[in-house]
Amino acid sequence: MNSNSENVTTPAIITTTTSVQNVPKPASQTLADFFVQLETYNPTIPDAVTTHFLNSAGFETSDVRIVRLISLASQKFISDIANEALQSCKMKNIGAAKKPKERQYTLTMDDLSSSLSEHGISVKKPFYFN
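Just so we're aligned, residue 0 is where the sequence shown starts under numbering that gives the first Met the number 0, counting upward by one.
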């Protein structure tokens, strides 16, 4: 017999047990917990600003949780755009930095417009800025 066939191993069977504590909550319970947390959350974008823009768009609500949920989504959207603009700026200036010290970056219209265009928003400079 071949010596290689004697060294063949079979895969081990792994069994896991889950305790009652690790069972995930149903989606409805998680959503209810999230809405409770929204009542005490203080968003970066004030409720009055969000309510103003919602009203100007024709949406009216008296539920502060909905307003804060929209504020949170808006904050995430703005944060994503700013982060993409920063990454764009870093990629443009990657060859310019020779010293390993920390740099300060400036948000330019070119970086911002490229980031916004990825989200379907077109921004153009007025003719008097050209």
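Glycine included, each C-beta is placed from N, C-alpha and C at the ideal position. Because the structure is a prediction, the values reported are computed rather than measured.
- Within the same chain, Glu83 come within 8 Å of Glu117 by CB-CB distance, once the 5 residues on both sides are set aside.
- Shown here, Asp62 sits in coil according to DSSP, grouped into three states, outside any helix or strand.
- The region 75 to 89 makes no contact with the region 56 to 65, as fewer than three CB pairs between them are under 8 Å.
- Boundaries cannot be given for Val122, as no alpha helix (DSSP H) includes it and DSSP labels it neither H nor E.
- Under the three-pair Cβ rule at 8 Å, the region 69 to 77 counts as touching the region 39 to 47.
- When only Cα atoms are considered, Phe52 and Leu68 end up about 14 Å apart.
- About 29 Å separates the CB atoms of Ser70 and Asp109; that is not less than 8 Å, and the two are not in contact.
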